[in-house]
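*Asks:* This structure is in structure tokens; I'll ask about it shortly.
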Amino acid sequence: MERAILETLNLARAARRAAVTASDLTGGVRVYLEGDDCPEPWREAVARALRSGRAGIVETGQGPFFLNVYLPPPRILVIGAVHISQALAQLAPVAGFDMTIIDPRTAFATPERFAGVDLIADWPEDALKLRPLDRFTALAAVTHDPKIDDEPIRAALSAGCFYVGALGSRKTHATRIERLRHAGVADADMARIRAPIGLDIGAASPAEIAVAILAEIIEALRRRDVASAGSGV
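Heads up: the sequence shown begins at 0 in numbering that gives the first Met the number 0, then just goes up one per residue.
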């Protein structure tokens with residue numbers, strides 16, 4: 000592989016950006032990065048590869064090409080060390096997600112309750128300075144406390160996280176929307192918030208709600224908008 004291609008892939012990896020390489024039978028390689036413009040003949044195939052994360056052969060007018068996909072490890076950032084978070088911490092690694100929990104309430108954020116979990120007992124706005132959000136992060140705000148939830152929700156929308164979900168009823172969410180609007184968040188951005196959080200499967204217990212949240216996160220990851228994906232190198 001050419002040095003320029005390797006350098007592009009290394010930069011993409013460092014920036015947690017997804018990339019696809021297209022190799023022809025003569026050894027030529029081109030690379031496309033998620034979030035950039037992609038030439039029309041390649042757009043659908045590249046978008047499909049970026050969503051699935053699977054390598055494969057694609058037929059084009061220029062002959063067959065092998066697409067290889069480089070996705071950053073998807074991660075879930077949960078705001079709130081609650082019972083739902085305990086269940087989600089057990090499920091997320093099984094589905095291939097890294098997971099971090101942030102909660103400034105030290106009575107909740109304890110190693111005893113979250114053994115082996117990446118747990119940060121700090122205010123989200125402080126913790127996120129060291130753990131920046133990105134397009135391959137899913138944020139789930141579950142404290143039910145606007146003093147803790149609102150700022151990371153705003154930050155996640157600004158960073159383009161592929162999923163932003165928040166616990167609460169529709170009435171609670173309507174109040175949340177008003178607060179975010181007063182904080183300067185655009186209506187188009189707020190429309191991306193999944194609230195009430197999780198797929199509507201009739202979940203009742205914390206474990207069932209965690210399953211609904213994880214399913215919604217997987218759906219958002221695999222169906223995220225990658226229509227403008229790819230910059231030829």
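Glycine included, each C-beta is placed from N, C-alpha and C at the ideal position.
Please state the DSSP three-state secondary structure of Ala-3.
*Replies:* As a working note, residue 3 is residue 4 in the sequence shown. If DSSP states are grouped into helix, strand and coil, Ala-3 belongs with the helices.
*Asks:* Where Asp-121 and Leu-24 are concerned, what is the direct C-alpha to C-alpha distance, given to the nearest angstrom?
*Replies:* By one-based count along the sequence shown, residue 121 stands at place 122. By one-based count along the sequence shown, residue 24 stands at place 25. Going by the C-alpha atoms only, they are around 52 Å apart.
*Asks:* Which whole-angstrom value describes the C-beta separation of Ala-86 and Ile-75, a residue pair presumed to lie in contact below a C-beta threshold of 8 Å?
*Replies:* On the sequence shown, position 87 is the one that residue 86 refers to. On the sequence shown, position 76 is the one that residue 75 refers to. Not really, about 12 Å apart at Cβ, beyond 8 Å.
*Asks:* Please confirm whether Gly-167 and Arg-178 have their CB atoms less than 8 Å apart.
*Replies:* Within the sequence shown, residue 167 is the residue found at index 168, counting from 1. Within the sequence shown, residue 178 is the residue found at index 179, counting from 1. No. Outside cutoff.
*Asks:* Taking just the CA atoms, how far does Thr-59 sit from Glu-215?
*Replies:* For the purposes of this step, residue 215 is taken as the residue at position 216 of the sequence shown. For the purposes of this step, residue 59 is taken as the residue at position 60 of the sequence shown. Their Cα atoms are separated by approximately 34 Å.
*Asks:* Pro-103: which of Thr-7, Pro-72, Leu-156, Pro-145 sits nearest, CA to CA?
*Replies:* Residue mapping note: residue 103 aligns to position 104 of the sequence shown, counting from 1. Answer by Cα proximity: Pro-145.
*Asks:* What alpha helix (DSSP H) runs, 4 residues minimum, are completely inside the segment 27-97?
*Replies:* 39-51, 82-90
*Asks:* Could you spell out the range, first to last residue, of the beta strand (DSSP E) harbouring Leu-132?
*Replies:* The count along the sequence shown starts at 1 and reaches residue 132 at position 133. Run containing Leu-132: none; DSSP gives neither H nor E here.
*Asks:* Are the CB atoms of Ala-88 and Phe-113 nearer to each other than 8 Å?
*Replies:* Taking the sequence shown and counting its residues from 1, one reaches residue 88 at position 89. Taking the sequence shown and counting its residues from 1, one reaches residue 113 at position 114. Yes. Within cutoff.
*Asks:* Less than 8 Å between the C-beta atoms of Ala-209 and Ile-119, yes or no?
*Replies:* In the sequence shown, residue 209 corresponds to position 210, counting from 1. In the sequence shown, residue 119 corresponds to position 120, counting from 1. Going by C-beta atoms, Ala-209 is not nearer than 8 Å to Ile-119.
*Asks:* What are the partner residues of Val-163, as DSSP defines its beta bridges?
*Replies:* Taking the sequence shown and counting its residues from 1, the one referred to as residue 163 is at position 164. Val-163 pairs with Leu-138, Ile-192.
*Asks:* How is the alpha helix (DSSP H) around Ile-147 delimited, first residue to last?
*Replies:* As a first step, residue 147 is located in the sequence shown; it is residue number 148 there, counting from the start. 145-158 is the extent of the alpha helix (DSSP H) around Ile-147.
*Asks:* If you run the structure through DSSP and keep just helix, strand and coil, what is Leu-8?
*Replies:* Stepping through the sequence shown from its first residue, residue 8 is reached at position 9. Helix.
*Asks:* Taking the alpha carbon of Asp-125 as the point to measure from, which residue in Gly-55, Glu-150, Ala-80 has its own alpha carbon closest?
*Replies:* Taking the sequence shown and counting its residues from 1, one reaches residue 125 at position 126. Cα-wise, what sits closest to Asp-125 is Glu-150.
*Asks:* Kindly indicate which residue of Val-163, Arg-29, Gly-115, Asn-67 has the alpha-carbon position closest to the one of Asp-148.
*Replies:* The residue you call residue 148 lines up with position 149 of the sequence shown. Comparing Cα positions, the closest option is Val-163.
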